[in-house]
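These protein sequences, in sequence, are chains P and D.
For the first sequence, this note's numbering gives the first residue as 4, with consecutive numbering after it.
For the second sequence, this note's numbering gives the first residue as 52, with consecutive numbering after it.
All C-beta atoms in this analysis are idealised placements derived from N, C-alpha and C, irrespective of residue type, glycine included.
Since this is a predicted model, take the numbers as computed values, not measurements.
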Amino acid sequence: MKKGKWGILFISPYIIVYLVFTALPIVISLYRSFFVNYWKGLIEVGPIFSGLENYVALLSDSSIYTYLSNTAIMWLLGFVPQIVLSIALAAWFSDHRLGLKGIRFFKTVIYFPNLIIAASFASLFFSFFADGGPVNAFLMDIGLIDKPFMFFSNTWSTRGLVAFMNCTMWFGNTTLLLLAGMLGIDPSLREAAEVDGATSWQIFTRITLPLIRPILLYVMITSLIGGIQMFDVPQILTKGTGDPNRSTMTILMYLNKHMFSKNYGISGALSTLLFLVTAILSLVVFWVNYRTEGRR
Amino acid sequence: MNRSIRKTIAYAVLIIVSFLCLFWFYALFINATRSNGELASGFSLLPGTALVKNWNSMLGCALPVMNSMKNSLIVSFATSLLCSYFSIMTAYGIHAYCFKGRKLFYTIMIGFMMIPRQVTALGFVSLMDKMKLMDSFAPLIIPEIACPIVFYYMIKYMESTLPMSLVEAARIDGASELFIFNKIVLPLMRPAFAVQMIFKFVESWNNYFIPTLILHSDNKKTIPIVISLLRSANFAEFDNGLIYMVIAFSILPSVVIYLFLSRLIISGITSGGIKG
């Protein structure tokens, strides 16, 4: 059929660009991960074919596990408060009986931090929480502390700030997604429960939560993929060192470090591993969406 | 009954949360107007006197602030325009035509929708090096023509708003397929185009990981890279007013966009199905 040709023509720019700039880099990462190849000063070592040697080197070094757990800890520290807060806000916004005013205003405000350059936000927090910065000045003024608290010399305050920033940047987005899910629930279910004398809490736990489970799962996995990409905030906050004592070094900062030191074999192996993990998570999202669409 | 208590709690939480969302940026803009001496004397909620001075020291400092602003604008605008246009074109190709492999294409795109470019970093940078595209804007712009998330949004939007009868009618009138796409489909997709342009613009504006690997020379750097240099440069260590000014200036475009288009952005997050 002639018309079908037009369809192929319309999608061909996309397909070509996707193959060249997304699919090919994945193949190149995989290919280069099988070669030992790095720069030692001004001398290039390799590339020498070495099979899985890079993967063995990467996985037998304890660093990768430290950085994985750093990433996981900071993600969880930001994600748990974020999801609790987002569920509460979405439940309040969607509860007509509660009758909150100014919902549009609040929605606008909580989404705002999502638009801010993460790099700028991190720079801002670095200046605010510096040893001589305004936060320390304020805490000393009100007499809470006598001498400046060194936020960036303490593992948990640094991780806490990273998590706090991530939470601030993303909870608005999560709230809006959950709210859309809650507003999509058939109102007659709610009304029936109200007629039967259910309390707001019962309606929330027995009707709302079970029905938004697919969206909750979706939000969780997309946030996890975002967590794996965590880079801008800790990179700028710690000047790329992941200090104190490498406790805020994320897995992507590790990749960035290897790429800047021209450690191509290891970078390729790390890229490939990260690709596999995100591909699996992406397929889970696909499966969740597919199941929800099927049910509609 | 306890409704008023719950309402009070809800308002209290909302006010605290709103405060935490806005306070940092309010303080940032205030600090950008204060001189280094004023900043050292403690925190204040009122503007200082050094707005013009900080602005001038930003223009005169060693960082290419203005140039990076221009670079970011070029990259973000080109990215968002190309991405939205080609996503609509691709979505239309899938939505309006029947051909072999159509289902397969759709499934693969949606299946791998969430894979971020960061995880292909090594291969991407090696390829750009081979193609002699390092230190240019092309690697930041061209790849975004194929953005599965935007494509997904566009096809969902088309399914709900584009009447195929209109396309059929135009065909009967003898319009060419290209004419139909450019003159009938594109105008109908204008709202989706606008929403995705904004999102893509902001995303590209904020992009940091890939640009640091691609752009090296000073006159090519984008805003987030310059922001990261604030942290490593020694020259700015003694003028905090300047640092706040550069940060404030870097987020100003996002703030302006949001002031005017917040309603469109808020509705865009959830329309057209689930979107990350």
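Query	Result
Segment contact, 8 Å Cβ cut-off, at least three pairs: the region 227-237 of chain P with the region 278-286 of chain P	yes
Three-state secondary structure (DSSP) of Y157 of chain D	helix
Buried versus exposed call for W290 of chain P [16 or more other C-beta atoms within 10 Å across all chains shown]	exposed
Start and end residues, beta strand (DSSP E) containing K260 of chain P	Premise fails: K260 of chain P lies in the alpha helix (DSSP H), 254-263, not in any beta strand (DSSP E).
N- and C-terminal bounds of the beta strand (DSSP E) containing N40 of chain P	38-43
Alpha-carbon to alpha-carbon, L101 of chain P and M140 of chain D	44 Å
Neighbour-count burial assignment, V288 of chain P, 16 or more Cβ in a 10 Å radius	buried
Proximal chain A residues relative to C149 of chain D, where beta-carbon distance stays under 8 Å	Absent from the structure is chain A; the protein chains it does hold are P and D.
Proximity below 7 Å, CB of I16 of chain P to CB of F137 of chain D	According to the sequence as given, residue 16 of chain P is Pro; it is not Ile. Cβ distance < 7 Å, so P16 of chain P and F137 of chain D count as in contact.
Ordered list of beta strand (DSSP E) runs contained in the region 41-128 of chain P, each at least 3 residues	46-52
C-beta neighbour in chain D for S89 of chain P, strict 7 Å	no
Proximal residues to T275 of chain P (C-beta, below 7 Å), its chain only, five neighbours per side dropped	S32, L33, S36
Positions along the region 209-220 of chain D whose CB lies within less than 8 Å of some CB in chain P	none
Residue-chain proximity (P194 of chain D, chain P), Cβ-Cβ < 7 Å	yes
Amino acids of chain D, ordered along the chain, whose beta-carbon sits closer than 9 Å to that of Q232 of chain P	P167, Q169, V170, F260
Segment contact, 8 Å Cβ cut-off, at least three pairs: the region 235-246 of chain P with the region 85-94 of chain P	no
Paired residues, beta bridge with N266 of chain P - DSSP	P:Y41
Which listed residue (D:W75, D:P98, D:M164) has its alpha carbon closest to that of S86 of chain D	D:P98
Start-end ranges of the alpha helix (DSSP H) lying completely within the region 75-156 of chain D, minimum 4 residues	87-91, 102-111, 116-147
Assumed close pair P115 of chain D, V307 of chain D - CB separation to whole angstroms, cut-off 8 Å	Actually they are not in contact, since the Cβ atoms of P115 of chain D and V307 of chain D sit about 22 Å apart, beyond 8 Å.
Beta-carbon neighbours of L264 of chain D, restricted to chain P and to distances below 9 Å	N259, M262, F263
CB contact below 7 Å: P275 of chain D versus chain P	yes
DSSP state of R249 of chain P mapped onto helix, strand, coil	coil
Alpha helix (DSSP H) segment containing G170 of chain P, residue limits	Per the sequence shown, the amino acid found at residue 170 of chain P is Cys instead of Gly. That run of the alpha helix (DSSP H) goes 158-186.
Distance between beta carbons of L264 of chain D and A189 of chain D, contact taken as under 8 Å	So it is not a contact: roughly 14 Å between Cβ atoms.
Cβ of N122 of chain D within 7 Å of any chain P Cβ	no
Straight-line Cα distance separating N176 of chain P from T111 of chain P	10 Å
Extent of the continuous alpha helix (DSSP H) to which T225 of chain P belongs	216-231
Reference V201 of chain D; option with closest CA among D:V246, D:K121, D:S119	D:V246
Proximity below 7 Å, CB of M248 of chain D to CB of S123 of chain D	no
Burial state of V253 of chain D (16 or more Cβ within 10 Å)	buried
For F174 of chain P and I113 of chain P, believed in contact at Cβ under 8 Å, the rounded distance	7 Å
Short Cβ contact (7 Å threshold) for I302 of chain P with P275 of chain D	Within the shown structure, residues of chain P are numbered from 4 to 299, placing residue 302 of chain P beyond reach of any answer.
Within 7 Å, strictly: CB atoms of L186 of chain P and S97 of chain P	yes
Rounded distance between the beta-carbons of N270 of chain D and N118 of chain D, thought under 8 Å	6 Å
W204 of chain P burial status per 10 Å Cβ neighbour count (16 or more: buried)	exposed
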